[in-house]
Amino acid sequence: MIKQFPCTKCGACCSSIEGIDFLEPYNQDGVCVNLIEGECSIYTDRPLLCRIDESYEAIFSAYMSKEEFYALNAKACNELQERLGVDESYRVLL
Ligand code: SF4
Ligand code: SF4
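Heads up: the sequence shown begins at 177 in the numbering used here, then just goes up one per residue.
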């Protein structure tokens, strides 16, 4: 089992935050205001739910295995990437 979620840093999740409650303070026309030139400008202080592995340990480990959690996240990443037309080279492969 891989130790860290293999985020490809495509930026799709940070560019599509409309309707996500915990990111609402950062929402500017659906894009997080902290996304600067493709990178999170508050990376070390970003919200817990922006941290896939830490949020698993803190919250989701009570409900599912890490394999299930990674699979759900990868599916969500790849579907979002497809919807936003992100290049296939950014797909998350487990
Ligand atoms: S959509 Fe997935 S792969 Fe892309 S930056 Fe977000 S977590 Fe990483
Ligand atoms: S706080 Fe950072 S990691 Fe979270 S959505 Fe905004 S840019 Fe992305």
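Yeah, the Cβ is synthetic: ideal placement off N, Cα and C, and Gly gets one too.
Using a beta-carbon distance below 8 angstroms, is residue i in contact with chain D?
i, result
"residue 226", "You won't find chain D in this structure, because it holds only one protein chain."
Could you tell me which residues DSSP pairs with residue i in its beta bridges?
i, result
"residue 216", "211"
"residue 180", "DSSP, once it has assigned bridges, lists no residue as partnering residue 180."
Below 7 angstroms, is the gap between the Cβ of residue i and the nearest heavy atom of ligand 2?
i, result
"residue 199", "yes"
"residue 202", "yes"
"residue 193", "yes"
"residue 259", "no"
"residue 218", "yes"
"residue 224", "no"
"residue 270", "no"
From what residue to what residue does the alpha helix (DSSP H) around residue i run?
i, result
"residue 242", "242–260"
"residue 237", "Counting along the chain, residue 237 falls outside any alpha helix (DSSP H), and DSSP gives it neither H nor E."
Go through the residues and name those whose CB comes closer than 7 angstroms to any heavy atom of ligand 1, in chain order.
Residues with their Cβ less than 7 angstroms from any non-hydrogen atom of ligand 1, running along the chain, are 183, 184, 185, 186, 187, 188, 189, 190, 228, 249, 253, 256, 257, 266, 268.
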